[in-house]
Ligand code: ADP
Ligand code: MG
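Residue numbers (full-length UniProt numbering): 405 to 783.
See the structure below:
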């Protein structure tokens with residue numbers, strides 16, 4: 405009885421999340437340096453919208469408001485940001501594929517959100533570590549009903565090549581992305597490290613961080629010009645029903661989205677810039693064709709979208725997390741970022757669908773409340 409109520413509650417919760425749309429868009433505004441409460445040049449921030457004051461040199465002068473599922477201002481803590489994403493992240497243990505990616509120009513706070521700042525502490529650790537710890541703890545709580553295996557890979561995509569950031573040999577080998585009926589899209593030759601304690605999770609983060617840092621000093625902050633991806637593979641065996649489930653989650657810190665002036669860079673930098681532009685454009689095309697429910701989704705245009713294919717669209721849950729810099733000089737790039745995000749959210753969050761959903765969502769919420777009450781009576 406108790407087990408059934410729990411399962412039912414979880415199922416309804418996932419259904420509720422599904423109805424909210426499989427593509428969500430969040431936005432976070434970094435504080436100005438030295439002014440932790442200031443959003444600088446950003447016009448205003450509400451829970452579900454952000455306004456920018458646009459001068460005439462960027463087109464139509466005036467205030468423009470962008471609506472998203474959630475907007476975090478400069479004072480939002482890492483814990484608050486994670487709390488909002490937690491249900492989505494947890495659904496990987498129920499066999500969902502999840503993809504969360506941080507988008508924005510260099511210096512906008514992508515790495516801060518996903519990994520945390522350089523001086524990590526309990527308060528400042530980012531989504532990656534919080535997610536691993538949470539999944540591990542939740543899998544422990546469920547251990548009498550489901551036997552979970554959680555394994556992690558840390559990959560980098562640089563110039564359209566996949567590298568293993570957990571490789572003990574420095575990871576200079578170029579890896580292939582494969583598609584198998586058993587494991588879906590995967591990178592079989594990348595190191596897969598099991599997570600069987602919270603300290604495993606922390607050690608992994610350290611190792612990936614160091615490997616990325618090594619290439620950063622060697623190659624002039626390459627980290628902002630490559631995509632890094634923490635992939636969590638989950639397998640679960642239901643101990644009573646005997647059934648199996650599989651879920652994959654990609655947590656992606658994308659390369660900086662800023663346009664590089666072609667007249668100013670040459671050689672390697674130009675090649676990097678072209679690869680970044682191409683892969684981010686490919687990602688944008690995939691997401692918007694999913695949001696528009698187009699029959700053909702162009703996954704094959706870049707390694708980035710190939711790698712994420714299983715976790716974008718279909719039954720997968722996607723969170724696009726865009727980041728905004730508060731400095732006035734960052735406005736042009738901020739507007740490109742917000743327009744990129746708007747391409748997705750304008751479609752998915754349209755009013756037409758909302759009406760139909762309201763009654764369904766309401767009903768599901770009531771059922772969840774009833775189940776929660778039933779659970780409480782059991783305690
Ligand atoms: P990106 O990865 O987008 O290039 P970073 O995450 O490296 O940007 O952020 C740039 C700087 O701003 C870093 O020093 C980072 O610690 C700081 N920073 C970013 N976001 C926040 C935030 N929300 N609160 C405080 N400091 C932040
Ligand atoms: Mg970064």
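Ideal placement from N, C-alpha and C gives every residue a C-beta, glycine not left out.
If you're wondering where the values come from, they're calculated on a predicted model, not measured in any experiment.
- Annotation for residue 553 indicates a beta carbon at 8 Å or more from all heavy atoms of ligand 2.
- For residue 515, the uninterrupted alpha helix (DSSP H) run begins and ends at 514-518, by DSSP.
- Shortest gap from the CB of residue 675 to any heavy atom of ligand 1: 8 Å or more.
- Residue ranges of uninterrupted alpha helix (DSSP H) with 4 or more members, entirely inside the segment 460-511 and ordered along the chain, are 482-494.
- In the DSSP assignment, no residue is bridged to residue 627.
- The Cβ atoms of residue 445 and residue 454 lie no closer than 9 Å to each other.
- Collapsing the DSSP output to three states places residue 521 in coil.
- For ligand 1, a non-hydrogen atom lies closer than 8 Å to the CB of residue 432.
- By the beta-carbon neighbour count (other beta carbons within 10 angstroms, threshold 16), residue 706 is buried.
- The C-alpha of residue 700 is placed about 42 Å away from the C-alpha of residue 524.
- Of the candidates 628, 683, 695, 628 places its Cα closest to the Cα of residue 511.
- Contact check for residue 655 and residue 535: beta-carbon distance about 6 Å, within the 8 Å limit, so the pair qualifies.
- In the same chain as residue 692, and ignoring 5 residues on each side of it, the C-beta atoms closer than 7 Å to its own belong to 747, 748, in chain order.
- For residue 488, the Cβ stays outside the 8 Å cut-off from all heavy atoms of ligand 1.
- Non-local beta-carbon contacts of residue 731 in its own chain, meaning distances under 8 Å to residues more than five positions away in sequence, involve 436, 444, 445 in chain order.
- If you look at residue 722, you'll find it in the beta strand (DSSP E) that goes 721-728.
- The Cβ atoms of residue 551 and residue 640 lie closer than 9 Å to each other.
- Within a 10 Å sphere around the beta-carbon of residue 537 sit 16 or more other beta-carbons, which makes this residue buried.
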